[in-house]
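Residue numbers (our numbering): -1 to 295. Here a beta-carbon is modelled for each residue, glycine too, at the ideal position from N, C-alpha and C. It should be emphasised that the depicted structure is a prediction, and the values quoted were computed from it without experimental measurement.
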């Protein structure tokens, strides 16, 4: 088996068929599709079962345990040399995987392939076309290419063995930002490509749209895990990343108002106005000032 496609399913009866059909239409003969119904209550489970007798489709039902658990379940049965994930409210361009598999088969050293994507929020459509580039220094990919801004799993194809010792964190939100840096610690080559597109459909009921204080605490913790590796501070682009994490910290405290949630260490980077204000006020006072100003607006 060449490619395993894992599709977690939860209460997406209105988009599931579009998603699955876009994967079934891919011109990759050695492909398997794994539908993991995570305790749906809207008829999605029944729709999954309509594909049970379709060639190379596996359907699994489990009690609701969240997106991470559904992906982990799919990984336990995946047989492909490569694995990828598709959210069940998204879909793929025609012939996408065939083009991507040619890239992977031409260079066996590629452990992770990220491809271009389109984001549709219902009001506007943004196309994100990536450069055709190989990163053997994988942290250059994270910092210089700003992979942390699109650190989701679905527009990426991974060697399946990367997940032999890594799982998605059950009970955490923004699970991709926890997992991707862990995977980068195991890879030797990341390739980005302008080939596309993964069609990301904004879901007003999704994690990002509904994220509250506790969810943002998870996102902050994921980035703090990266910052624990102090050797990364010498990487080009680290300052911009730190500025990004500062924004996450400020928004987290804005939502929670709990001083115990001020966790980001102060580091000597001054490339943005907020970083300069951080140097002036300190982390705690800057968080409080930011929250106060936003409450007044």
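**Request:** Please determine, among 38, 184, 60 and 233, the residue with the shortest C-alpha to C-alpha distance to residue 110.
**Result:** 184
**Message:** Can you tell me which residues form a DSSP beta bridge with residue 132?
**Reply:** 189, per the DSSP bridge assignment.
**Asked** At what residues does the beta strand (DSSP E) containing residue 110 begin and finish?
**Response** 110 to 118
**Request:** Can you tell me the Cβ-Cβ gap for residue 167 and residue 176, rounded? I've got them flagged as a contact below 8 Å.
**Result:** 5 Å
**Asked** Counting Cβ pairs closer than 8 Å, one from the segment 241 to 250 and one from the segment 211 to 225, do we hit at least three?
**Response** yes
**3 or more residues per run - each beta strand (DSSP E) lying fully within the segment 36 to 90** = 55 to 60 and 80 to 83
**Asked** Can you name the start and end residues of the beta strand (DSSP E) that residue 6 belongs to?
**Response** 1 to 7
**Message:** Which residue wins for smallest C-alpha separation from residue 226, given the options 261, 195, 172 and 196?
**Reply:** 261
**Secondary structure of residue 237, DSSP reduced to three states** = helix
**Rounded C-alpha distance that separates residue 280 from residue 264** = 7 Å
**Asked** Measuring CB to CB, does residue 72 end up less than 7 Å from residue 4?
**Response** yes
**Range covered by the alpha helix (DSSP H) that runs through residue 15** = 14 to 22
**Item:** DSSP beta-bridge partners of residue 197
**Value:** 89 and 116
**Request:** Quick one: grab the DSSP three-state call for residue 33.
**Result:** strand
**Run of the alpha helix (DSSP H) containing residue 176, from where it starts to where it stops** = The continuous alpha helix (DSSP H) containing residue 176 extends over residues 173 to 182.
**Asked** Using the rule of at least 16 other Cβ atoms within 10 Å of the residue's Cβ for burial, across every protein chain shown, is residue 41 buried or exposed?
**Response** exposed
**Request:** Could you give the DSSP three-state label for residue 121: helix, strand or coil?
**Result:** Of the three classes helix, strand and coil, the one that applies to residue 121 here is coil, per DSSP.
**Asked** What whole-angstrom Cβ distance do residue 132 and residue 189 have, given they're in contact under 8 Å?
**Response** Confirmed, Cβ separation roughly 5 Å.
**Request:** Please list, in chain order, all residues of the same chain as residue 96 whose beta carbon is under 7 Å from its beta carbon, the five residues on each side excluded.
**Result:** 24, 25 and 26
**Request:** Could you pull the start and end residues of the beta strand (DSSP E) that residue 166 belongs to?
**Result:** It is not in any beta strand (DSSP E) - residue 166 carries neither H nor E in the DSSP assignment.
**Asked** How would you call residue 153, buried or exposed, if buried means at least 16 neighbouring beta carbons within 10 angstroms?
**Response** buried
**Asked** Among residues of its own chain, excluding the 5 on either side of residue 55, which ones have a beta-carbon nearer than 6 Å to its beta-carbon?
**Response** 31 and 49
**Message:** If you measure between the beta carbons of residue 117 and residue 198, is that distance less than 7 Å?
**Reply:** yes
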